[in-house]
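K.L.:
Residue numbers (the UniProt record's numbering): 11 to 215. For each residue, glycine too, the CB sits at the ideal point set by N, CA and C. Only a predicted model underlies this, so the values are computations on that prediction, with no experimental measurement involved. I have a structure here, written as structure tokens, and I will follow up with some questions on it.
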Ligand code: GTP
Ligand code: MG
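This is the structure in structure tokens:
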């Protein structure tokens, strides 16, 4: 994570996915949970992934890789980070929501090089019904995932501790859940090293 990262591709539907190459780590979660902000914080590059106060900002699967690799065979980046459109944004037009949901679900189910999904949960809200649906899908598809709490700066430390305990209890019987929950704040740069380490270990770098 010490080098600059760059955007390589926005994928509006599965046929535009890049050929399977580097191991991928994806960031999923409800609209506005802080996926794009967390990617920017991880790679220390504000504005790399576009963020917004308005839910529904990210509308494609956006691929980010470390700079300096041609992408040709033999010169592939060690990994790619994939920013995903959020789910559960009721205000968007139904057709659009359906298209995003299909894209997100098809990608999560069918990508062989997808090594792990970080499922982001807003510290203020905890695990909601549509989060559970995504976790069900990942469990069914046997896609490894780990829970990341976001925006911990918005609640008090004891509430973070309680949420960690409650969420750990909630997911402990889920077969594809990687044990351990990482608490983060992109705003206050908290938990970022833990998450970087987890990702590096996952992709084996
Ligand atoms: P979509 O692309 O719409 O699904 O949203 P997203 O999950 O990518 O969220 P995004 O990163 O765009 O952030 C949504 C809002 O939350 C923005 O206004 C961010 O500034 C804010 N935000 C993100 N992370 C944090 C955080 O750690 N703390 C606080 N206080 N605000 C945050
Ligand atoms: Mg986004």
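Considering only heavy atoms of the ligand GTP, does any lie closer than 7 Å to the CB of residue 161?
P.N.:
If you number the chain shown from 1, residue 161 lands on position 151. The answer is yes for residue 161.
K.L.:
Taking one C-beta from the segment 11-19 and one from the segment 69-81 each time, how about it: are there three or more such pairs within less than 8 Å?
P.N.:
With a cut-off of 8 Å, the segment 69-81 and the segment 11-19 count as touching, because enough Cβ pairs lie within range.
K.L.:
Going along the chain, which unbroken runs of the beta strand (DSSP E) with 3 or more residues stay wholly within the segment 28-83?
P.N.:
Complete beta strand (DSSP E) runs here, min 3: 33-39, 71-76.
K.L.:
Flag residue 93 as yes when its Cβ comes closer than 7 Å to any non-hydrogen atom of the ligand MG, and as no otherwise.
P.N.:
For the purposes of this step, residue 93 is taken as the residue at position 83 of the chain shown. Residue 93 Cβ: within cutoff of the ligand MG.
K.L.:
Spatial neighbours of residue 172 within its chain, please: C-beta separation below 8 Å, excluding the five flanking residues on both sides.
P.N.:
In the chain shown, residue 172 corresponds to position 162, counting from 1. There are no such residues.
K.L.:
At a cut of 8 Å, does the segment 55-65 reach the segment 114-131 through at least three beta carbon pairs?
P.N.:
The segment 55-65, when compared against the segment 114-131, does not touch it at the 8 Å Cβ threshold.
K.L.:
Considering only heavy atoms of the ligand GTP, does any lie closer than 7 Å to the CB of residue 107?
P.N.:
If you number the chain shown from 1, residue 107 lands on position 97. For the ligand GTP, not one heavy atom lies less than 7 Å from the Cβ of residue 107.
K.L.:
Going by other Cβ atoms of all chains shown within 10 Å of its Cβ, with 16 needed for buried, is residue 13 buried or exposed?
P.N.:
Residue mapping note: residue 13 aligns to position 3 of the chain shown, counting from 1. Counting Cβ neighbours within 10 Å, residue 13 comes out exposed, since fewer than 16 surround it.
K.L.:
Taking the alpha-carbon positions, what's the residue 215 to residue 103 distance?
P.N.:
As a first step, residue 215 is located in the chain shown; it is residue number 205 there, counting from the start. As a first step, residue 103 is located in the chain shown; it is residue number 93 there, counting from the start. If you take the alpha carbons of residue 215 and residue 103, they lie about 41 Å apart.
K.L.:
Helix, strand or coil for residue 107, going by three-state DSSP, please let me know.
P.N.:
Translated into the one-based positions of the chain shown, residue 107 becomes position 97. Residue 107: helix per DSSP, three-state reduction.
K.L.:
Note down, one range per segment and in chain order, each beta strand (DSSP E) of at least 3 residues found wholly within the segment 103-175.
P.N.:
Listed in chain order, they are 124-132, 155-160.
K.L.:
What residues are listed by DSSP as bridge partners for residue 97?
P.N.:
Position 87 of the chain shown, counted from the start, is the residue given in the question as residue 97. Paired residues: 40.
K.L.:
Taking 7 Å as the cut-off, is the C-beta of residue 45 nearer than that to any heavy atom in the ligand MG?
P.N.:
Walking along the chain shown from the start, residue 45 turns up at place 35. Yes; taking the cut-off as 7 Å, the Cβ of residue 45 has a heavy atom of the ligand MG nearer than that.
K.L.:
Can you list, in chain order, the residues of its chain with a C-beta nearer than 7 Å to that of residue 185? Leave out the 5 residues immediately preceding and following it.
P.N.:
Within the chain shown, residue 185 is the residue found at index 175, counting from 1. Answer for residue 185: 149, listed in chain order.
K.L.:
Should residue 169 be labelled buried (16 or more other beta-carbon atoms within 10 Å of its own) or exposed?
P.N.:
Numbered from its first residue, the chain shown carries residue 169 at position 159. It counts as exposed.
K.L.:
Compute the Euclidean distance between the alpha carbons of residue 30 and residue 143, then round it to the nearest angstrom.
P.N.:
Within the chain shown, numbered from 1, the residue matching residue 30 stands at position 20. Within the chain shown, numbered from 1, the residue matching residue 143 stands at position 133. Rounded to whole angstroms, residue 30 to residue 143 spans 26 Å at the Cα level.
K.L.:
Can you give the beta carbon distance from residue 174 to residue 193, rounded, assuming they're within the 8 Å contact cut?
P.N.:
Here residue 174 corresponds to residue number 164 of the chain shown, with the count starting at 1. Here residue 193 corresponds to residue number 183 of the chain shown, with the count starting at 1. Right, their Cβ atoms sit about 6 Å apart.
K.L.:
Among residues of its own chain, excluding the 5 on either side of residue 23, which ones have a beta-carbon nearer than 7 Å to its beta-carbon?
P.N.:
Translated into the one-based positions of the chain shown, residue 23 becomes position 13. Excluding sequence neighbours, residue 23 sits near 113.
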